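Be aware that the sequence shown starts at 17, since it is given in this note's numbering, and climbs by one per residue. Everything below concerns the one structure shown next.
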Amino acid sequence: MTVLDPKPILAEADILLEKAKEELCRPDEDVVKYMVCKHAYKAIEKYMAGFLVKNGVRIHNSLSINDLLHQCRSIDPDFKKLNLDPLTRAGYPEDLWMNMKTANEFIDLAEQTRIQVGVN
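See the structure below:
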């Protein structure tokens, strides 16, 4: 059985989170809020995938963010403190991801996920 190294996955998550934060450093009128949300969302997926790989779980690309969270919670009940409901609100992502409030919320969730998986 091949054991995957979670470090590249977690490093990719850090890069995605940094891209999201960098986008927010632009003047408000130049911020592409959709890109902030997209990068933060992908970072959250990568953080959880890295955590699962670190704990010996095989990851499939077809897993939803809710599936990843459920698996993380089965390994570490502290993941129950992580509320990712804002990521899965009803509606079209293109509509939801187009405002600054959501962009900041996604960044916060990515940072919380990063802490939860133990990335220092």
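The beta-carbon is built from N, C-alpha and C at its ideal position, and this holds for glycine as well. Since the model is a prediction, treat every value here as computed from it, not as a measurement.
query: Nonlocal neighbours in the same chain, by C-beta distance under 8 Å from T104, ignoring five residues either side; result: I81, N82
query: Start-to-end residues for the alpha helix (DSSP H) that takes in D94; result: From DSSP, D94 is part of no alpha helix (DSSP H); its letter is neither H nor E.
query: Three-way DSSP call (helix, strand, coil) for S78 in this model; result: coil
query: Residues of its chain near I123, where Cβ-Cβ distance is below 6 Å and the 5 sequence neighbours each way are ignored; result: A36, A56
query: For P22 and K70, the rounded distance between their alpha carbons; result: 5 Å
query: Helix, strand or coil at N120 [DSSP, three-state]; result: helix
query: Range of the contiguous alpha helix (DSSP H) that encloses G66; result: 49-70
query: Three-state secondary structure assigned by DSSP to M17; result: With a pLDDT of only 44 at M17, under the threshold of 50, the placement of this residue in the model should not be trusted; the figure read from the coordinates follows. It is coil, neither helix nor strand.
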